[in-house]
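Student:
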Amino acid sequence: MDRRRLFLGHVKSLLPTNPLAPKGPHRRHPKMLPDGARERLLETVNAARDRLVVTWLADGGLRIGELCGLHLVDLHLRENAACGECRAPHLNVCHRPGNPNRAEAKTKHRWQIERGTVTGGLIKRVSPAMVHTYFEYVTTEYLGGAGYGMLLVQLYGADTGRPWVPVGARRMLGRAGKRAGLGPVKPHAFRHSFTSAVLDAADGNLLIARDAGGWASAAMVDEVYDLEAEWTEGAIQRITTENTTLKQRVRQLTTDNRTLDERLKAARSNLRFQDRRMADLEAQITNPSQGVQ
Ligand SMILES: [Zn+2]
Numbered sequence: 012m013d014r015r016r017l018f019l020g021h022v023k024s025l026l027p028t029n030p031l032a033p034k035g036p037h038r039r040h041p042k043m044l045p046d047g048a049r050e051r052l053l054e055t056v057n058a059a060r061d062r063l064v065v066t067w068l069a070d071g072g073l074r075i076g077e078l079c080g081l082h083l084v085d086l087h088l089r090e091n092a093a094c095g096e097c098r099a100p101h102l103n104v105c106h107r108p109g110n111p112n113r114a115e116a117k118t119k120h121r122w123q124i125e126r127g128t129v130t131g132g133l134i135k136r137v138s139p140a141m142v143h144t145y146f147e148y149v150t151t152e153y154l155g156g157a158g159y160g161m162l163l164v165q166l167y168g169a170d171t172g173r174p175w176v177p178v179g180a181r182r183m184l185g186r187a188g189k190r191a192g193l194g195p196v197k198p199h200a201f202r203h204s205f206t207s208a209v210l211d212a213a214d215g216n217l218l219i220a221r222d223a224g225g226w227a228s229a230a231m232v233d234e235v236y237d238l239e240a241e242w243t244e245g246a247i248q249r250i251t252t253e254n255t256t257l258k259q260r261v262r263q264l265t266t267d268n269r270t271l272d273e274r275l276k277a278a279r280s281n282l283r284f285q286d287r288r289m290a291d292l293e294a295q296i297t298n299p300s301q302g303v304q
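For the sequence shown, the numbering used here begins at 12 and goes up steadily by one.
1. Pull up the distance between the alpha-carbon of P45 and that of T66, whole angstroms please.
2. Give a yes or no on whether the C-beta atoms belonging to Y148 and R202 are separated by under 8 Å.
3. Give the DSSP bridge partners of W122, in chain order.
4. At a threshold of 7 Å, does H101 count as lining ligand 2 (C-beta to nearest heavy atom)?
5. Based on DSSP bridge pairs, tell me the residues matched to M161.
6. Determine whether the beta carbon atoms of A116 and C105 lie at a separation below 8 Å.
7. Hey, how far is the Cα of N103 from the Cα of K42?
8. According to DSSP, which residues form a beta bridge with H87?
9. Within the present structure, is the beta-carbon of E253 separated from the nearest heavy atom of ligand 1 by less than 7 Å?
10. Kindly identify the DSSP beta-bridge partner or partners of R136.
11. Between the C-alpha atoms of A99 and L162, what's the straight-line distance to the nearest angstrom?
12. Any heavy atom of ligand 1 within a distance shorter than 7 Å of the CB on A58?
13. Three or more beta-carbon pairs under 8 Å between the stretch 160-179 and the stretch 121-131, yes or no?
14. Is the beta carbon of P198 closer than 8 Å to that of A180?
15. Need the endpoints of the alpha helix (DSSP H) that L53 sits in, please.
16. Would the C-beta of E96 count as close to ligand 1, meaning under 7 Å from any of its heavy atoms?
17. Taking R181 as part of the alpha helix (DSSP H), name the residues at either end of that continuous run.
18. Name the one or two DSSP bridge partners that P174 has.
19. What do you reckon, are the CB atoms on L133 and T118 nearer than 8 Å?
Right under this line is the structure:
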């Protein structure tokens, strides 16, 4: 019988490696996009800009404010970009409170422009599909942004060429969703789907999700911690229960520890007594005339 294995098996069942890891397959968040929504939206929207929006929300997990707030200098779509912060194509999402379209990134990571290159901000990896839709858009519809240097611009009407306001992007998605038979699609639904997909890929383990190969970036950490704000009532209850259980185990282990401590003390005391007794006996053997008592 392998006692050590038995013991470890016991411990393993007592303490899961990550008690916060969601159990079983990741549940579908009620606000997630329906299956196939991305494809149906891409078929429905008319402009290259709008295909970019759908693709970047889906693949990048960007907030609508982050997306509409992007400047061209924030896009580092080539390998080994000059900022040196991520070898793969990525975005440096910068918090700029003064954008003309009032679009603002929520996260306020420090950033700066050094010799014309943006460094810092929130690093977000981009997919090949994102790069593809970007080139399609800038080569066909992008009108130079009327010197604003921002990525998304108004394509029609009096404001053509001006930076696109987030509410315009929201309305575009809402209309496209209805046309595609998906109901009004909200930009944040893409984030729920994105986070869920990452967690699925990481088997529900937040630490793995954070450290997972392709996602080992500040962006991933951000996405994972963001999720906590979106935990369901059930998940919170489960974690509270697990916390209580763990506290009880800690208490049990503390008691066990005290008992063992007392036993150890007793054993040491016994040992000391036996040591003395042994010394007496040795003295007796070497000097029998003295006798005992
Ligand atoms: Zn960069």
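Even glycine gets a Cβ: it sits at the ideal position worked out from N, Cα and C.
Tutor: On the basis of the data shown:
1. When rounded, the distance between both Cα atoms is 15 Å.
2. Not a contact, by the Cβ cut-off of 8 Å.
3. Partner residues in the beta bridge of W122, as assigned by DSSP, are G131.
4. This structure lacks ligand 2; its bound ligands are ligand 1.
5. Answer is H82.
6. Result yes, Cβ atoms of A116 and C105 sit closer than 8 Å.
7. Cα-Cα distance, rounded: 27 Å.
8. Looking at the DSSP output, H87 sits in a beta bridge with H101.
9. Result no, Cβ not under 7 Å from ligand 1.
10. The secondary-structure analysis by DSSP pairs R136 across a beta bridge with H101.
11. In this structure, the straight-line span from the alpha carbon of A99 to that of L162 is close to 20 Å.
12. Not under cutoff, so the answer is no.
13. Cβ pair count under 8 Å is below three, so no.
14. For the pair A180 and P198, the CB atoms are nearer than the 8 Å cut-off.
15. First-last of the alpha helix (DSSP H) with L53: 48-55.
16. True, at least one ligand heavy atom lies under 7 Å from that Cβ.
17. Unbroken alpha helix (DSSP H) run through R181: 177-190.
18. V164.
19. Taking 8 Å as the cut-off, the Cβ atoms of L133 and T118 count as close.
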